[in-house]
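Colleague: Below: one structure in structure tokens.
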Amino acid sequence: MCANLGGVGEKGVTEGGVIEDFARLFGAELSLDERFVVKRGNRYFLLDEKLKDSTDKREGWLYSGTYLGKVEGQSFHPSFPLLFVIAEKAKNRITVDDKSAWLFVCGRDIFKEGILKIEGSRRKGAYTLVFNRHGECIGYGKIAKNLDKLKSGLAVKNLLDIGDFLRRERTAVQEA
Amino acid sequence: MAYPPFVLMFGKEFFVNRYRLLGWEFRDVAPKQAIRINTMNVGGFNVVERLESLGVKLEKIPFLRDGYWVIRSDFSVGATVEYLLGYYSIQEAAAQVPATLFEDLRDKLVLDACAAPGGKTVQLADLMDNTGVIVALDVNGQRLEALMNQLERCRVKNTVVYQMDARRVSNLGLKFDRILLDVPCSGNFATDKEWFKRRTLRDVERNARLQRQILAEAAKVLKADGEIVYATCSLEPEENELNIDWAVRNLGLETVEIDCYGEEALTEVFGRKLDDSVRRCKRIWPGKTQGFFVCKLRRRR
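Protein chains in written order, with the working numbering: chain A, 1 to 176; chain B, 177 to 477.
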């Protein structure tokens, strides 16, 4: 459910360039305005001028603007709004059929048989965004086997999908 | 209404009799599930057509711009890709009314004083087209998690969230253009099968006191030309007409005419005459929707 960045990376507006490095995993270059990227605890948020002004003067907020993701140890856990921003620029993209898209949203991996289109890297270990046939980003994963040679079977390991919202709700209900 | 000490102030018969005295004959209702389209996220396509292509039968709610009743669905509409992508929210029809009562929300500083779990916060952001700023408060940390998940799912960009009691909002040092008070209330039987077993008049009176404290704090942080929308999903006049009557008499506020689903509110409650302007509020008895009460207030001019 996260990308291990190993603490290395080019400099960016976030500490150690953590968000920019994450975007580069998909072949996307992000240009975040450092004035408006705010770290709160281990979470990053992108604010606009009005929100920045308001939150600068009033401490104690929990969430503001666009949530970008959080850092836990050496791992970065992206938010979905960040994935959608990256999706506009990403080179590594896989488009899947309806059945595979639904299984992916349920937390399953992607099999070669369900892939409609591959763009960008096809090599094992590369990160790729996953799209449904409507062109909507539904999560991301890691290519499990070299896709050029693969005829069938496991192709992309699920690392994060939008079904996560439902799993969070279930966890919250269980904890209540 | 002062009850003699021997009257049992709870139970279905007690409350049903109160509703009769207020002019409504009790009947069991089962409001349909409703959704609201998040127009800010669906610029390029028709999400209703897309849901219908999946086999979901929807019906436009006549009194709401973006609301649809779910007439039939073979699966949970809370587990579709379209829902997870923030194209719509699940929001009961009457609960969609309050946020639509504000005038001109764009670029405004808006307070959502009792915001969790966030359905109306997202609706406000949608009506504002993600402009301006929403300050969303709630006291309950667990419910705030649900709120923040909603903001992320629905790609809301203009909201700042604080864990804060609405009765302390003046500590933020802000004056607001618009204030939504979807206050904690006793609820109603239409959405809670155990309601008559769980609720007593004591609960209602306790909630009414809390609501007055929130109203008083909101009046302090309202800009001179600002608007407050007050809403409850309670049928009990103590939490509705009686509170607005109190606010009009004590907080320098006045009610504003609103054009929305619902009946003119009561101006006489259990023999007590209220300020005539309270009739401008709307009371929604359970039927097609759950029970609800909405009202718009501004500074007396």
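In this text, a Cβ means the ideal position worked out from N, Cα and C, and glycines have one as well. Given the structure is predicted, the values throughout are model-derived calculations rather than measurements.
Below 8 angstroms on C-beta distance, what does A:E136 contact in chain B?
Modeller: V257, L261
Colleague: Kindly indicate the opening and closing residues of the alpha helix (DSSP H) around B:A275.
Modeller: Where B:A275 is concerned, there is no enclosing alpha helix (DSSP H), given that its DSSP letter is neither H nor E.
Colleague: Is the shortest distance between the beta-carbon of A:D97 and the beta-carbons of chain B less than 9 angstroms?
Modeller: no
Colleague: Under 7 angstroms between beta-carbons, which chain B residues line up against A:R168? List them in chain order, please.
Modeller: N325
Colleague: How would you write the range of the beta strand (DSSP E) that B:Q339 sits in, first residue to last?
Modeller: 335 to 339
Colleague: In chain order, what residues of the same chain lie with their CB nearer than 7 angstroms to the CB of B:A322, ignoring the 5 residues before and after it?
Modeller: Shown here for B:A322: same chain residues with a beta carbon closer than 7 angstroms to its own, the five before and five after excluded, namely A292, P293, G294 in chain order.
Colleague: I want to check one thing, is the minimum distance from the CB of A:F111 to the heavy atoms of the ligand MG below 8 angstroms?
Modeller: Annotation note on the ligand MG: not contained in the displayed structure, which lists no ligands.
Colleague: Does any residue of chain B bring its CB to less than 9 angstroms from the CB of A:A101?
Modeller: yes
Colleague: Does DSSP put B:W422 in a helix, in a strand, or in coil?
Modeller: Reduced to three states, the DSSP call for B:W422 is helix.
Colleague: Just to check my reading of the structure: B:A395 and B:L427 have Cβ atoms closer than 8 angstroms, yes? What is that Cβ distance to the nearest angstrom?
Modeller: 4 angstroms
Colleague: Is A:I162 near A:L129, with beta carbons less than 9 angstroms apart?
Modeller: no
Colleague: What is the rounded straight-line gap between the Cα of A:D148 and the Cα of A:A28?
Modeller: Distance between the alpha carbons of A:D148 and A:A28: 22 angstroms.
Colleague: Sorted by chain position, which residues of the same chain lie with C-beta nearer than 8 angstroms to B:E430's C-beta, five sequence neighbours on each side aside?
Modeller: V424, S453, L473, R474, R475, R476, R477
Colleague: Flag A:V105 as yes if its beta-carbon sits less than 9 angstroms from any beta-carbon of chain B, otherwise no.
Modeller: yes
Colleague: For A:N132 and chain B, any beta-carbon pair shorter than 9 angstroms?
Modeller: yes
Colleague: Mapping the DSSP letters down to three states, classify B:K472 as helix, strand or coil.
Modeller: strand
Colleague: When the cut-off is 9 angstroms and only beta carbons count, does A:I118 lie next to chain B?
Modeller: Chain B, which has no Cβ nearer than 9 angstroms to the Cβ of A:I118, makes this no.
Colleague: So, is B:P238 buried or exposed, given that buried needs 16 or more other C-beta atoms within 10 angstroms?
Modeller: exposed
Colleague: What are the boundary residues of the alpha helix (DSSP H) that includes A:L51?
Modeller: Counting along the chain, the alpha helix (DSSP H) containing A:L51 begins and ends at 49 to 57.
Colleague: Would the beta-carbon of A:L51 fall within 9 angstroms of that of B:V309?
Modeller: yes
Colleague: Which residues in the same chain as A:G153 place their Cβ atom closer than 7 angstroms to its Cβ, once the five residues preceding and following it in sequence are excluded?
Modeller: F111, K112
Colleague: By how many angstroms is the C-alpha of B:L260 removed from the C-alpha of B:E417?
Modeller: 38 angstroms
Colleague: So B:I355 and B:A301 are supposed to be a Cβ contact under 8 angstroms. How far apart are they, rounded?
Modeller: Not quite, the Cβ-Cβ distance comes to about 15 angstroms (not below 8 angstroms), so this is no contact.
Colleague: Would you kindly work out how many angstroms separate the C-alpha atoms of B:D280 and A:A101, rounded to a whole number?
Modeller: 40 angstroms
Colleague: Excluding the five sequence neighbours on either side, which residues of its own chain have a C-beta within less than 8 angstroms of the C-beta of A:T55, listed in chain order?
Modeller: So the qualifying residues of the chain are V38, L47, W61, S64.
Colleague: Between which two residues does the alpha helix (DSSP H) harbouring B:F352 extend?
Modeller: For B:F352, no alpha helix (DSSP H) run applies; the uninterrupted beta strand (DSSP E) run containing it begins and ends at 352 to 358, by DSSP.
Colleague: Can you look up B:V521 in the DSSP assignment and give me helix, strand or coil?
Modeller: In the structure displayed, chain B extends from 177 to 477; residue 521 of chain B sits before or after that span and is not available.
Colleague: From the DSSP secondary-structure annotation, give me the bridge partner or partners of A:N158.
Modeller: A:G141
Colleague: Within the 9 angstroms Cβ cut-off, does B:E403 reach chain A?
Modeller: Not closer than 9 angstroms to any Cβ of chain A, the Cβ of B:E403 fails to qualify, so no.
Colleague: At 7 angstroms on the CB atoms, spell out the chain B contacts of A:P81, in chain order.
Modeller: E328, R331
Colleague: Can you find a CB in chain A that lies within less than 9 angstroms of the CB of B:V232?
Modeller: no
Colleague: Please confirm if A:Y140 has its CB atom under 9 angstroms from at least one CB of chain B.
Modeller: no
Colleague: Look up B:S482 in the DSSP assignment and say whether it is helix, strand or coil.
Modeller: Nothing about residue 482 of chain B can be read from this structure; chain B reaches only from 177 to 477.
Colleague: Return helix, strand or coil for A:K89, following the three-state DSSP convention.
Modeller: coil
Colleague: Under a three-way DSSP split, which group does B:Y244 fall into?
Modeller: strand
Colleague: Using the beta-carbon count (16 or more within 10 Å), is B:S252 buried or exposed?
Modeller: Exposed, because fewer than 16 other Cβ atoms sit within 10 Å of the Cβ of B:S252.
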